[in-house]
Amino acid sequence: MSLLTPEPGLLFWMLISFGTVLFVLMKYGFPIILKMVEKRRTYIEESLLSARKAHEELATVKQTSEELLARTHQEQATILKETSLLRDQMMEKARNDARKEADKMIEEARKQIETEKEKALLSIREEAAILSLNLTEKILREKLGTKEAQLALIDRLLDEIDLAKS
Amino acid sequence: MHKFFTYCLLTVIGLFIISSPGYAASDTHAPEELNVKELILEHLADDYEWQIVSNGERHLAIPLPVILYSEASGWHLFSSARFQHGKSGYKNFHLASEGRYKGKIMETDPTGKESRPLDLSLTKNAASLLFSSLLLIVIVMTVARTMKRNPLKAGKGFVGMMEMFIMSIHDDVIKPSIGKDYERYAPYLLTVFFFIFTNNLLGLIPIFPGGANVTGNIAVTLVLATATFLIVNLTGTKEYYKDILWPDVPVWLKVPIPLMPVIEIVGTLTKPFALMIRLFANIMAGHSIVLGLTMLIFVTVSMGTAVNASMTVLSVIFTVFIDFVELLIAYIQAYVFTLLSAVFIGQARPEPRVKQKAALETNKPD
Numbered sequence: 014m015s016l017l018t019p020e021p022g023l024l025f026w027m028l029i030s031f032g033t034v035l036f037v038l039m040k041y042g043f044p045i046i047l048k049m050v051e052k053r054r055t056y057i058e059e060s061l062l063s064a065r066k067a068h069e070e071l072a073t074v075k076q077t078s079e080e081l082l083a084r085t086h087q088e089q090a091t092i093l094k095e096t097s098l099l100r101d102q103m104m105e106k107a108r109n110d111a112r113k114e115a116d117k118m119i120e121e122a123r124k125q126i127e128t129e130k131e132k133a134l135l136s137i138r139e140e141a142a143i144l145s146l147n148l149t150e151k152i153l154r155e156k157l158g159t160k161e162a163q164l165a166l167i168d169r170l171l172d173e174i175d176l177a178k179s
Numbered sequence: 042m043h044k045f046f047t048y049c050l051l052t053v054i055g056l057f058i059i060s061s062p063g064y065a066a067s068d069t070h071a072p073e074e075l076n077v078k079e080l081i082l083e084h085l086a087d088d089y090e091w092q093i094v095s096n097g098e099r100h101l102a103i104p105l106p107v108i109l110y111s112e113a114s115g116w117h118l119f120s121s122a123r124f125q126h127g128k129s130g131y132k133n134f135h136l137a138s139e140g141r142y143k144g145k146i147m148e149t150d151p152t153g154k155e156s157r158p159l160d161l162s163l164t165k166n167a168a169s170l171l172f173s174s175l176l177l178i179v180i181v182m183t184v185a186r187t188m189k190r191n192p193l194k195a196g197k198g199f200v201g202m203m204e205m206f207i208m209s210i211h212d213d214v215i216k217p218s219i220g221k222d223y224e225r226y227a228p229y230l231l232t233v234f235f236f237i238f239t240n241n242l243l244g245l246i247p248i249f250p251g252g253a254n255v256t257g258n259i260a261v262t263l264v265l266a267t268a269t270f271l272i273v274n275l276t277g278t279k280e281y282y283k284d285i286l287w288p289d290v291p292v293w294l295k296v297p298i299p300l301m302p303v304i305e306i307v308g309t310l311t312k313p314f315a316l317m318i319r320l321f322a323n324i325m326a327g328h329s330i331v332l333g334l335t336m337l338i339f340v341t342v343s344m345g346t347a348v349n350a351s352m353t354v355l356s357v358i359f360t361v362f363i364d365f366v367e368l369l370i371a372y373i374q375a376y377v378f379t380l381l382s383a384v385f386i387g388q389a390r391p392e393p394r395v396k397q398k399a400a401l402e403t404n405k406p407d
């Protein structure tokens with residue numbers, strides 16, 4: 014029967030030891046362990062979440078970079094095209110300009126040549142006139158030395174004038 | 042696993058080849074009748090000294106302090122060695138050899154009357170309690186400190202194992218049994234679990250720091266059950282008390298004779314009482330079985346060497362088996378105590394009626 018009756022002495026020691034264990038472990042032991050486990054759990058959850066987010070962000074970044082690259086390629090192509098077009102245009106224009114300039118110069122040269130030619134012709138004519146006059150004078154001085162010759166000439170000239178008048 | 046068992050068996054048989062002749066010799070020396078019941082009860086009960094080994098005449102024991110208070114002579118503090126293992130008295134005190142207080146310290150006053158002083162001696166069980174409490178505090182605080190120092194790294198080795206152990210009790214026993222607000226009770230229930238488990242395990246170790254029948258002692262389980270009783274009833278909600286004092290039954294069951302309230306109140310007392318008896322009886326029975334099986338060796342000594350040798354082998358095999366079972370029981374009883382405490386706490390915090398009805402109605406269509 015003594016097994017079933019609690020001993021006051023042991024009751025006392027049990028109260029002391031169990032009370033101490035309860036106090037220490039309920040205050041400094043298990044709450045800290047549970048808190049740390051909870052902390053780690055949330056940390057792992059957050060890490061997983063942020064890792065997933067980072068993964069997604071990386072994917073979008075990759076996508077945007079690819080898009081950017083593609084667009085850049087396109088732009089490069091258009092710029093090249095435009096440039097070549099522009100170059101062609103410029104070349105065309107330069108060629109045209111050059112041709113025009115050349116035409117103008119040729120025209121001017123021709124005109125100058127024309128005027129020079131006319132001038133030369135004029136001077137040649139004058140020369141010829143003067144030469145002919147001189148020649149005529151000389152010829153006349155030779156031919157009209159005599160009186161009859163002078164008269165004959167006058168008559169002929171007069172005839173010619175008359176002819177021209179009638 | 043197979044290798045392990047073979048190894049165990051070989052060790053045990055080897056031990057017995059060495060030790061059994063010695064026992065047989067010492068027992069043939071003193072052919073007195075062996076009182077098995079007495080011996081087992083003696084081992085189950087508390088003791089003033091911590092016996093390590095005893096061989097008929099020679100005793101090897103650790104003396105423990107005896108603390109007494111009697112109204113006649115005041116406080117006394119002396120070593121239990123003064124009793125010389127129960128053979129002699131000290132001052133007015135001696136150990137009762139029979140009667141109600143058998144094995145306890147009694148005081149004889151000058152008129153020759155015997156009385157029992159207030160006995161606060163640090164007995165074997167008390168010393169074992171202090172040791173296991175210290176051990177438990179050191180273990181849990183070590184784990185807590187290690188985790189606090191490096192909270193984001195999972196523990197390794199012992200700390201990791203303890204963490205898993207603690208969290209298995211926390212997540213599988215406490216959380217589902219209490220339900221809402223379980224955080225408030227988790228430290229208490231975890232403490233109770235590990236307190237019982239540590240003492241159970243130490244009780245299974247037959248040599249010095251263990252071996253005491255701590256959780257198989259009614260005083261210990263009484264304190265544990267009382268703690269649960271207080272926690273359950275001091276933190277019970279209004280609904281809980283209404284269910285006890287004015288339950289949902291026909292009025293004639295409550296007035297004029299408060300039949301149901303009385304039953305309910307008795308129910309609140311029987312729950313912790315069952316906790317107390319269950320733990321006490323299970324652990325005590327385990328110790329008894331182990332002791333009884335070991336006694337088989339000494340009981341069969343007088344039946345001749347052949348019987349004795351075969352019974353020795355049998356006894357050892359059985360004892361090893363029962364020790365494994367006890368290992369299981371050490372866990373199961375701590376688990377059951379914690380689980381039931383958690384269930385009682387959960388019952389003392391019922392969901393408000395209105396919510397229950399609403400929950401029922403929402404569940405109906407399914």
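Going line by line, the protein sequences match chains A and B.
Using the numbering used here, the first residue of the first sequence is number 14, and each one after it goes up by one.
Using the numbering used here, the first residue of the second sequence is number 42, and each one after it goes up by one.
The beta carbon of each residue, even a glycine, is placed where N, CA and C say it ideally should be.
**Request:** Run through the segment 235-319 of chain B for me and flag every whole alpha helix (DSSP H) of 4 or more residues, listed as ranges in chain order.
**Result:** The segment 235-319 of chain B is shown to contain whole alpha helix (DSSP H) runs of 4 or more residues at 259-275 and 279-286, in chain order.
**Beta-bridge partners of R99 (chain B), as assigned by DSSP** = B:N96
**Item:** Status (buried if at least 16 other CB within 10 Å, exposed otherwise) for N191 (chain B)
**Value:** exposed
**Message:** Can you tell me whether T164 (chain B) is helix, strand or coil according to DSSP?
**Reply:** coil
**Asked** To the nearest angstrom, how far is it from the Cα of L24 (chain A) to the Cα of M317 (chain B)?
**Response** 14 Å
**Request:** Could I get the ranges of all uninterrupted alpha helix (DSSP H) runs contained in the segment 47-88 of chain A, with 4 residues as the minimum, in chain order?
**Result:** none
**Prompt:** Which ranges would you report for the alpha helix (DSSP H) in the segment 14-41 of chain A if only whole runs of at least 4 residues count?
**Reply:** 21-37
**Prompt:** Beta carbon of E90 (chain B), beta carbon of P104 (chain B): below 9 Å?
**Reply:** yes
**Request:** Please check if any C-beta of chain A sits within less than 9 Å of the C-beta of N258 (chain B).
**Result:** yes
**Separation of G277 (chain B) from I298 (chain B), as counted between CA atoms** = 25 Å
**Below-9 Å beta-carbon distance, K66 (chain A) vs any chain B residue** = no
**Prompt:** So A375 (chain B) packs on N166 (chain B), CB below 8 Å; how close in whole Å?
**Reply:** Not a contact, Cβ separation roughly 18 Å.
**Prompt:** Is the CB of H328 (chain B) under 9 Å away from at least one CB in chain A?
**Reply:** no
**Request:** Would you list the one or two residues that DSSP bridges to G115 (chain B)?
**Result:** B:S111
**Check whether S169 (chain B) and L271 (chain B) have beta carbons under 9 Å apart** = For S169 (chain B) and L271 (chain B), no; Cβs fall outside 9 Å.
**Message:** What I want to know is whether the C-beta of E79 (chain A) ends up closer than 8 Å to one or more non-hydrogen atoms of the ligand ATP.
**Reply:** Among the ligands in the structure shown, none appear at all, so the ligand ATP cannot be discussed.
**Request:** Please report the Cβ distance between L136 (chain B) and F119 (chain B), rounded to the nearest whole angstrom; I am assuming they are in contact, meaning their Cβ atoms lie under 8 Å.
**Result:** That pair is no contact at about 13 Å.
**Bridge-paired residues (DSSP) for Q104 (chain B)** = Sequence inspection shows Pro at residue 104 (chain B); the Gln mentioned does not correspond to that position. P104 (chain B) is bridged to B:E90.
**Asked** Should D88 (chain B) be labelled buried (16 or more other beta-carbon atoms within 10 Å of its own) or exposed?
**Response** buried
**Prompt:** Residues in the segment 202-221 of chain B with C-beta within 9 Å of chain A's C-beta atoms, listed in sequence order?
**Reply:** Hits within the stretch, in order: M203, E204, I207, M208 and H211.
**Asked** List, in order along the chain, the chain B residues whose C-beta lies closer than 8 Å to that of T33 (chain A)?
**Response** S174 and I178
**Request:** Locate the alpha helix (DSSP H) running through E83 (chain B), then write down its first and last residues.
**Result:** V77 to L85
**Prompt:** How big is the Cα-Cα spacing for T183 (chain B) and G308 (chain B)?
**Reply:** 40 Å
**Message:** For chain A, check one thing: does any of its Cβ atoms lie closer than 9 Å to the Cβ of L118 (chain B)?
**Reply:** no
**Prompt:** Between P158 (chain B) and S111 (chain B), what straight-line distance do the alpha-carbon atoms span, to the nearest angstrom?
**Reply:** 5 Å
**Prompt:** Which whole-angstrom value is the C-beta distance of T164 (chain B) and G32 (chain A), which I expect to be below 8 Å?
**Reply:** The pair is not a contact, with the Cβ atoms about 18 Å apart (cut-off 8 Å).
**Message:** Any C-beta of chain A within less than 8 Å: which residues of the segment 235-265 of chain B qualify?
**Reply:** F235, F236, N258, I259, A260, V261, L263, V264 and L265
**Prompt:** Using a C-beta cutoff of 9 Å, does L47 (chain A) count as contacting chain B?
**Reply:** yes
**Request:** List the residues of chain B that S30 (chain A) touches, going by C-beta distances under 7 Å, in chain order.
**Result:** L170, L171 and S174
**Request:** Starting from E148 (chain B), follow the beta strand (DSSP E) in both directions and report where the run begins and ends.
**Result:** I146 to T149
**Message:** Considering Cα atoms alone, identify which of B:A268, B:F365 and B:T187 is closest to F236 (chain B).
**Reply:** B:A268
**Prompt:** What do you get for T413 (chain B), buried or exposed, if any count of 16 or more other CB atoms within 10 angstroms of its CB means buried?
**Reply:** Absent from the model: residue 413 (chain B). The displayed extent of chain B is 42 to 407, so no value can be given.
**Asked** So which residues on chain A does D284 (chain B) lean against when the C-beta distance must stay under 9 Å?
**Response** What D284 (chain B) touches in chain A: nothing, since even the nearest Cβ is about 28 Å away.
**Item:** Closer than 7 Å at the beta carbon, the chain A residues around K189 (chain B)
**Value:** Neighbours of K189 (chain B) on chain A, chain order: I45 and M49.
**Message:** According to DSSP, S356 (chain B) sits in a beta bridge with which residue or residues?
**Reply:** Partner(s): none; S356 (chain B) has no beta bridge.
**Item:** E70 (chain A) versus L28 (chain A): straight-line alpha-carbon distance, rounded
**Value:** 60 Å
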